[in-house]
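Numbering (the working numbering), first residue to last: 1173 to 1393.
What follows is a set of notes on a single structure, which appears directly below.
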Amino acid sequence: MMRLDVTGVGMTSLRTRERMVQRLIDKGIGHPKVLAALRATPRHVFVDEALASRAYEDTALPIGFNQTISQPFIVARMTELLITAQPVLRKVLEIGTGCGYQTAILAHLAEHVYTVERIQGLQRQAKNRVWGLGLKNVSYLHNDGGWGWPDHAPYDGILVTAAPETLPDALLEQLADGGVIITPLGTAGGQYLHQFRRQGQEVEVERLTPVSFVPFLAGKQ
Ligand code: SAH
């Protein structure tokens, strides 16, 4: 188990984190539970030590394996969309664990988080980090998230952090009645955040803002 410098000093201090949260509030994030989760989650433990001093800038950063930790504003926005559309989050499925930052935020808001990642090395590291923060309500699966995680379905919310061109059928099938999916969709040339909501046999889709995510890739490594 790696040792986590959770408290931080200087550029990784609580004050720096509070400034990041203040900038997110200025950009329109307002849900008190989302803000509390952001305040409770040290972002610097999710990036390499060499980048820790940049962890509270509102930018995406490399996390190895050719992947990036999402920009804090996007993490905050997607989480806010999810909890606003579905305030009761018993089970949440996350596709794309990455470094685990979004996972940790979700773990503060949901009873249980199920997270799927196709790159084993990344997920192993994420698991250590999230566990190291004392968040024990998370289960991990190393697989292609295009299959969802049927064993624990249905989910009240599904959050996808890589961009498929179209929504994988399995995710819609594993969504609870009244449940919500927040996902980027599209190609590198043009991606938009989308919100899907299941109401009985009906599915409502809403296209939201333009975004830029790494591509959703098939298979695992
Ligand atoms: N929320 C993460 C975002 C990481 S980037 C964070 O803040 O760190 C997106 C992640 O999705 C990458 O780790 C990538 O490996 C993963 N990914 C891409 N396609 C996937 C798929 N089909 N199944 C599971 N994970 C996938």
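For glycine and all other residues, C-beta sits at the position ideal for the given N, C-alpha and C.
- For D1316, the CB falls within less than 7 Å of some heavy atom of the ligand SAH.
- Rounded to whole angstroms, the separation of the alpha carbons of R1211 and E1190 is 7 Å.
- Under the three-pair Cβ rule at 8 Å, the stretch 1296-1306 does not count as touching the stretch 1318-1332.
- Separation of M1183 and E1221 (C-alpha to C-alpha, rounded to the nearest whole angstrom) is 12 Å.
- Each residue's CA atom was taken as its position, placing R1379 and W1319 some 23 Å apart.
- Apart from the 5 residues on each side of it in sequence, E1252 sits with its Cβ closer than 7 Å to the Cβ of I1201, H1203 and V1206 in its chain, given in chain order.
- A Cβ-Cβ contact shorter than 8 Å links W1321 with L1313.
- Within the stretch 1234-1304, the runs of alpha helix (DSSP H) at least 4 residues long that lie entirely inside it are, in chain order, 1244-1257, 1273-1281 and 1292-1304.
- In the DSSP assignment, E1345 falls within the unbroken alpha helix (DSSP H) covering D1341 to E1345.
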